[in-house]
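Residue numbers (our numbering): 397 to 620.
C-beta atoms are modelled at their ideal positions from N, C-alpha and C, and glycine is treated no differently.
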């Protein structure tokens with residue numbers, strides 16, 4: 397019998413309550429649950445149904461430690477900039493605290509899923525680069541929604557992959573595979589909590605940029 401909740405959360409609930417969960421416990425994650433989550437990831441759309449993906453489950457402390465070192469190398473270089481941003485806008489400090497926790501505890505995540513795509517590492521023009529990732533990131537989102545539906549905390553991380561050559565060596569990847577994203581997983585220390593998003597009308601234009609017929613105007617908000 398599975399030791400985890402079934403995937404029965406309504407899709408809209410999973411989507412509306414999904415958020416980056418970085419603070420997690422060290423409680424282990426069942427291997428079958430990880431496989432079931434990845435299996436749902438493989439049901440995502442992909443170019444020509446070529447399924448040019450490969451997934452790695454990382455639990456080995458030695459591998460996680462090396463990835464954590466790669467993550468911290470880049471994080472400490474952007475940390476000062478994030479601190480300045482928080483001084484200008486104190487609301488960012490809460491996010492910075494979570495980023496600090498993740499950087500300091502990266503190697504202690506119970507499990508990570510690394511999504512890789514099969515294809516060239518270099519492409520041009522930009523459209524070709526987007527095409528490579530378009531075949532892997534729908535699967536990444538499926539994985540994160542599946543994790544949310546069973547109460548797992550998930551966070552999409554790319555900083556550990558900044559040095560492609562180093563990461564390929566750490567993961568013993570063949571030349572045909574390129575790591576695109578790391579999803580850290582764990583049972584949340586707290587709950588998912590509320591999320592805040594801009595009104596959809598404020599980010600949607602009609603026919604040309606800036607034409608926002610659905611934006612909520614100040615006079616409308618005062619009337620409500």
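Nearest candidate by alpha-carbon position, reference residue i, set the options
i: residue 468; options: 546, 429, 496 and 403; result: 496
i: residue 479; options: 471, 470 and 489; result: 489
i: residue 447; options: 498, 460, 433 and 529; result: 529
i: residue 403; options: 538, 598 and 470; result: 538
i: residue 492; options: 524, 471 and 506; result: 471
i: residue 401; options: 484, 608 and 546; result: 546
i: residue 426; options: 409, 565 and 455; result: 455
i: residue 409; options: 483, 544 and 484; result: 544
i: residue 593; options: 407, 406, 405 and 411; result: 411
i: residue 591; options: 415, 562, 560 and 484; result: 415
i: residue 423; options: 449, 461, 512 and 584; result: 584
i: residue 524; options: 582, 443, 484 and 567; result: 443
i: residue 498; options: 612, 417, 610 and 483; result: 417
Cβ separation of residue i and residue j, assumed to be a contact under 8 Å, to the nearest whole Å
i: residue 574; j: residue 551; result: Residue 574 to residue 551, Cβ: 21 Å. No contact.
i: residue 578; j: residue 510; result: 5 Å
i: residue 605; j: residue 413; result: Their Cβ separation, rounded to whole angstroms, is 30 Å, which puts residue 605 and residue 413 out of contact at 8 Å.
i: residue 507; j: residue 419; result: Incorrect: roughly 15 Å between the Cβ atoms, too far for contact.
i: residue 457; j: residue 500; result: That belief does not hold up - the Cβ atoms of residue 457 and residue 500 are roughly 16 Å apart, past 8 Å.
i: residue 535; j: residue 449; result: 6 Å
i: residue 556; j: residue 436; result: Actually they do not touch by this definition, with Cβ atoms about 24 Å apart.
i: residue 512; j: residue 553; result: Actually they do not touch by this definition, with Cβ atoms about 14 Å apart.
Start-to-end residues for the alpha helix (DSSP H) that takes in residue i
i: residue 580; result: That residue, residue 580, is in no alpha helix (DSSP H); its beta strand (DSSP E) goes 573-582.
i: residue 494; result: 489-501
i: residue 542; result: 533-545
i: residue 411; result: 407-413
i: residue 560; result: 560-567
Distance between residue j and residue i (C-alpha atoms, nearest Å)
i: residue 431; j: residue 477; result: 38 Å
i: residue 473; j: residue 601; result: 36 Å
i: residue 505; j: residue 433; result: 17 Å
i: residue 599; j: residue 570; result: 41 Å
i: residue 438; j: residue 565; result: 25 Å
i: residue 562; j: residue 549; result: 27 Å
i: residue 521; j: residue 515; result: 15 Å
i: residue 466; j: residue 459; result: 11 Å
i: residue 568; j: residue 405; result: 36 Å
i: residue 451; j: residue 421; result: 23 Å
i: residue 607; j: residue 597; result: 10 Å
i: residue 620; j: residue 429; result: The predicted model places residue 620 with a pLDDT of 39, which falls under 50 and marks its position as unreliable; any figure quoted below should be read in that light. Rounded to whole angstroms, residue 620 to residue 429 spans 46 Å at the Cα level.
i: residue 527; j: residue 441; result: 13 Å
i: residue 407; j: residue 582; result: 21 Å
i: residue 453; j: residue 572; result: 18 Å
i: residue 611; j: residue 595; result: 8 Å
i: residue 616; j: residue 461; result: In this prediction, residue 616 scores a pLDDT of 49, lower than 50, which makes its location untrustworthy; no coordinate-derived value is stated.
i: residue 586; j: residue 486; result: 22 Å
i: residue 475; j: residue 482; result: 11 Å
i: residue 445; j: residue 558; result: 28 Å
i: residue 609; j: residue 603; result: 11 Å
Residue span of the beta strand (DSSP E) that contains residue i, given as start and end
i: residue 513; result: 507-514
i: residue 552; result: 549-553
Residue i: CB within 6 Å of a non-hydrogen atom of the ligand ADP
i: residue 554; result: With respect to the ligand ADP, the structure offers nothing, as it holds no ligand at all.
Subject >> Contained beta strand (DSSP E) runs [length at least 3] in the region 424-481, N- to C-terminal order >> reply: 449-454
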